[in-house]
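If you count by the UniProt record's numbering, then the sequence shown holds residues 1 to 169, one letter each, in order. Ideal placement from N, C-alpha and C gives every residue a C-beta, glycine not left out. The structure appears below as structure tokens.
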Amino acid sequence: MSKKNSTILEKAAIGAGAGLLTGGAIAVGVPLAVTAMGFGAGGIVGGSLGASLMSLGGGVTPAAVALMQSVAAGGFATTTALATGTAAGAAVAVAGDVADAACSAVTVVAEASGTAANLVADAAGATVNVVAEAAGTAATVVAEVAGSTVNVVADAAGTAANAIAGLWR
Numbered sequence: 001m002s003k004k005n006s007t008i009l010e011k012a013a014i015g016a017g018a019g020l021l022t023g024g025a026i027a028v029g030v031p032l033a034v035t036a037m038g039f040g041a042g043g044i045v046g047g048s049l050g051a052s053l054m055s056l057g058g059g060v061t062p063a064a065v066a067l068m069q070s071v072a073a074g075g076f077a078t079t080t081a082l083a084t085g086t087a088a089g090a091a092v093a094v095a096g097d098v099a100d101a102a103c104s105a106v107t108v109v110a111e112a113s114g115t116a117a118n119l120v121a122d123a124a125g126a127t128v129n130v131v132a133e134a135a136g137t138a139a140t141v142v143a144e145v146a147g148s149t150v151n152v153v154a155d156a157a158g159t160a161a162n163a164i165a166g167l168w169r
């Protein structure tokens, strides 16, 4: 295993441990806090902060009161708090390394794209040169053929002119 992968695993383990502790604190702390506010397994304690919240009614308050009463009655998922804390801790611990890996991948793709673009440009330049050379050669051949044709026609015209002149003499 490479040193970088080992470091990432160490970070993940430390983060998972910290997350587990945080999840544990939430699993224990939330029910204690709710109980201290006056919510209990048997209902809301009269004269408590929970009773005051219940008397407010309307808006978000009834939902919050119902949630806190549910937690006090044992409806809080300790396992969920522990698992969520562990996963979140590990994810946060390695997030920087994941971002670095993503940036490295983008750099590699950009460099490969640049190299491919250069190869295409070089091939296109070579093709243009070949076409230009072929066009130049073709133009030379056409000029030579045209020149020969002009000479043949001129010779024929001269011969014809001499023949006609000879007939008139």
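By the Cβ criterion, the segment 65-73 is in contact with the segment 27-42, since at least three pairs of Cβ atoms, one from each stretch, lie closer than 8 Å.
Straight through space, the alpha carbons of residue 8 and residue 65 are spaced by roughly 42 Å.
When the beta-carbon positions are compared, residue 92 and residue 19 come within less than 9 Å of each other. In this structure the segment 20-32 does not lie against the segment 48-56, because fewer than three pairs of beta carbons, one per stretch, are closer than 8 Å. In this chain, the alpha helix (DSSP H) harbouring residue 55 covers 49-56.
Of 48, 6, 73, the smallest CA-CA separation from residue 31 is found for 73. Its chain contains 37, 38, 39, 44 as the residues whose beta carbon lies nearer than 6 Å to that of residue 50, once the 5 sequence neighbours on both sides are disregarded; these appear in chain order.
By the neighbour-count definition (other C-beta atoms within 10 Å, threshold 16), residue 89 is a buried residue.
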